[in-house]
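Here the structure is laid out as structure tokens; the discussion comes afterwards.
Residue numbers (the working numbering), protein chains in the order written: chain A, 3 to 305; chain B, 213 to 567; chain C, 9 to 266.
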């Protein structure tokens, strides 16, 4: 089996590390930030590279630095979580290594020495199987796609890697969002459409989302109407989500919206119009007033 | 220069003739050129370079009220006003637009309205809502604007009106399509409305349309929300803040203005207002979402004779059902319908009727 | 800011598209529009360029894009360049970045190169980084706001869990979010002006690229299979009683919560 290098310089991705361990038969080299070696080891990394670096601003320079190391390690397979930062860094590494790179994969499998990568495109409406044609094969993998498998593994070797190069872009500050889980990684999404009717309606949905520990989503029409901010927009021109449960309130189910959420585990639709298209794509439909149901859920100790 | 998207709409026509039966302009003129499908065909021929975009074609693009009745019934689901609006832009860019239209554009650029007069002020302070009067009401239907303000006062609503109310951009948008000039006008208006931080109650549904449909798309939204004056009044009635009047024993028909009907799908509030004003209701041919246009303030500005005929057509619809009372709650329909009130008929402003 | 280049891509308007036997997106006969994030990048460029700067828009695609490019000239771009060549069809992100980089070198020095953070069709977001790597420039992705002063650039960048503030200098590549800068519309004067500006058309030979550096041949990845997947109908049961509905939903919530 070939070694797989998993690049997690900004935080270990346990699901991806576990998947890489399974694909490579335990031959995983993991690059993780300081303090996350134990986590990487628990997820099956056989070799660990612990990165010591100041906060990174010039990702292009960092990518060139990593590309040089990867040449040295001669790893034929390089994976990284498809986070905003790694989706910037991996393409630059791929350029330097002349390696084929596939973005945001949701399935990976080995066929001999080839890594077959499956990724959705165009919302979720196209699924493509892709392989690299280059000696080095690379992919970014959608976070949360694979379940973490923690277990007892032999003590891995730990190597330190120090990065301190002059940066052309400097990181001045970082401000975390209030309210926790980003929508794209939420396990439950509570979303509203035009049927929610107002900003006040969305405030109610937000309270419900808070109660359920869910992210708040919205259809494009609701965002256009000013009911919810753009960062909540799910669909073609917004964010693609695949939570375990997608709870759609007053969303009619335009194809553009379906493109952004049809990969969800379970879909529950609440709409007063029994003919709303969303019901065709839902595992469970509730025909009725969204607000009455939301009130019920807010009042009751349902969990 | 018609966008690909608009061309797509123009070229999808299946010549099913539905729009021909519904177009209020074609109804009056009987000219094939006045149908939406003819305009689509013309633009498609221009694209294929079989025709030149000339003065006559530009003229044809202006013989349309942008009322959207054709979209409502289009078998292919396409939107003729989309390409008609872009054709107007092309007409202005190529300096082929009719003189009468260019005159109005000059007026709008000078004063914000097609009338070329300084907009009369309705300025007042208030803390609950901001009322947006609009150009057509301020100049051509000031009584309706006053009536709305009095009605709000009666209901205990503290209404603010901007001392200098900027134009919403809807008039310029109808005259030359949605260009950056229109968007800039909208930007000024959105800023002024947002500075008050008050929810906006809009008297003219034409203004409400651009504020809710176009402003967000252009990157400005009215943060505290936009409500039509009719929906707001109906809510005051439902909440008991306004009292219903005793029955008058008079039967009237509500004229649904086209943008209220087809953009907002709003039909009930006007009827609730009419009932509360004491009227018994009957319905004209083509009401609700099929509402037939009786003309617009902008169209009146450059083709007053035709708009008078179109308004006359609506009065015929009324008398045909044996009714003599037309109930309206929009300043533009008020303006158009008042051009030709048939003898023995009455035009009623529902805001006034509720006072 | 003197000279800015904006890379734009035409993408299908429709949410569901078809692919041909070679797994390429069928672009004929479908309605195309400029990718929203690229439009946002153009608006940012127009604001930064102001009166005395210049904004060049660059795209790679079919010859049909000439007239849509003209629309971008009407919106305020000063120069429009279309790279079109059948040999470039089927390019992956690396082959695309190679072509764009060659064009950038040919078109001259730019102080700033802006892109959209991702296109709504391919959704890879890989081209800006690879273009930067090809040109040896820094790259900031997912920019939310971008401001320039005489000493450099300040960028706010959206990550999953928060916002970074970054300070950079020119020349650099920056990709912007779709919602950051709503693109201005074409104005009447802009449309009149645009009529007199020709769209410059380039092919692989003009860029000094060999056929094996472009398109499918120049790609480092290969699509093995592509499946059009209209979201599957689930058609689950419908409940009209809210109390029963809430109860069933409670059950589902208990199942999905770990």
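Think of the CB as a built atom: it goes at the ideal place given N, C-alpha and C, for glycine as much as any other residue.
- Under the 10 Å beta carbon count, residue 78 of chain C is surrounded by 16 or more other beta carbons and is classified as buried.
- For residue 193 of chain C, the chain B residues whose Cβ falls inside 7 Å of its Cβ are 390, 391, 392, 395, in order along the chain.
- With fewer than 16 neighbouring CB atoms inside 10 Å of its own CB, residue 164 of chain A falls in the exposed class.
- The Cβ-Cβ distance between residue 12 of chain C and residue 163 of chain C does not fall below 9 Å.
- Taking a 10 Å sphere around the C-beta of residue 94 of chain A, we find 16 or more other C-beta atoms and assign the residue as buried.
- Within the segment 222–248 of chain A, 226, 227, 228 place their CB atoms closer than 7 Å to a CB of chain B, listed in sequence order.
- Close to chain C, meaning a Cβ-Cβ distance shorter than 8 Å, are the following residues of the segment 93–108 of chain A: 93, 94, 96, 97, 98, 100, 101, 102, 103, 104, 105, 106.
- Taking 4 residues as the shortest admissible run, the segment 224–306 of chain B contains the following complete alpha helix (DSSP H) segments, listed from N- to C-terminal end: 230–234, 236–241, 248–259, 267–274, 281–285, 292–305.
- In this structure residue 185 of chain A is in contact with residue 234 of chain A, their Cβ atoms being roughly 7 Å apart against a cut-off of 8 Å.
- Take the alpha-carbon of residue 106 of chain A and the one of residue 280 of chain A: they are about 26 Å apart.
- If you draw a 10 Å sphere on the C-beta of residue 81 of chain C, you find 16 or more other C-beta atoms in it, and that means buried.
- Assignment of residue 519 of chain B by DSSP, reduced to helix, strand and coil, places it in the helix class.
- Collapsing the DSSP output to three states places residue 57 of chain A in coil.
- Here DSSP, grouped into helix, strand and coil, assigns residue 319 of chain B to helix.
- With contacts defined by Cβ atoms closer than 9 Å, residue 274 of chain A and residue 195 of chain A do not form a contacting pair.
- When DSSP states are grouped into helix, strand and coil, residue 552 of chain B belongs to the helix group.
- Using a Cβ-Cβ cut-off of 9 Å, residue 274 of chain A is close to nothing in chain B; its nearest Cβ partner there is about 14 Å away.
- Contact check for residue 7 of chain A against residue 75 of chain A passes: the beta carbons are separated by less than 9 Å.
- Neighbours of residue 215 of chain B in chain C, taken as residues at a C-beta separation under 7 Å, are given in chain order as 79.
- The Cβ atoms of residue 172 of chain A and residue 82 of chain A lie no closer than 9 Å to each other.
- If you compare the alpha carbons of C/143, C/141, C/166, C/160 with that of residue 149 of chain C, the shortest gap goes to C/166.
- Think of a sphere of 9 Å around the beta carbon of residue 200 of chain A: the chain B residues whose beta carbon falls inside it are 437, in chain order.
- Residue 273 of chain A has A/289 as its beta-bridge partners, per DSSP.
- For residue 252 of chain B, not one C-beta of chain C is nearer than 9 Å to its own C-beta.
- Within 10 angstroms of the beta-carbon of residue 546 of chain B lie 16 or more other beta-carbons, which makes it buried.
- Remark: C-beta atoms of residue 63 of chain C and residue 42 of chain C do not approach each other more closely than 9 Å.
- Here the alpha carbons of residue 137 of chain A and residue 262 of chain C stand approximately 46 Å from one another.
- About 6 Å separates the beta carbon of residue 224 of chain A from that of residue 198 of chain A, a gap short enough to meet the 8 Å contact definition.
- Of all residues in the segment 194–228 of chain C, the ones placed with a Cβ closer than 9 Å to any Cβ belonging to chain B are 194, 195, 196, 197, 198, 199, 200, 202, 203, in chain order.
- Taking residue 430 of chain B as reference, the option from C/187, C/68, C/136 with the minimal CA-CA separation is C/187.
- A Cβ-Cβ contact shorter than 9 Å links residue 417 of chain B with residue 476 of chain B.
- Around residue 158 of chain A, the same chain offers 43, 47, 48, 49, 50 as residues with beta carbons nearer than 7 Å, after the five sequence neighbours per side are excluded.
- Only those residues of the segment 461–489 of chain B whose C-beta falls short of 8 Å from the nearest C-beta of chain C would be listed, and there are none.
- Closest by C-alpha distance to residue 64 of chain A, out of A/9, A/292, A/221, is A/9.
- Among the residues of the segment 276–287 of chain A, those with a Cβ less than 8 Å away from any Cβ of chain C are 276, 281, 282, 283, 284, 285, 286, 287, in the order of the chain.
- Looking from the CA of residue 23 of chain A, the closest CA among A/71, A/132, A/150 belongs to A/150.
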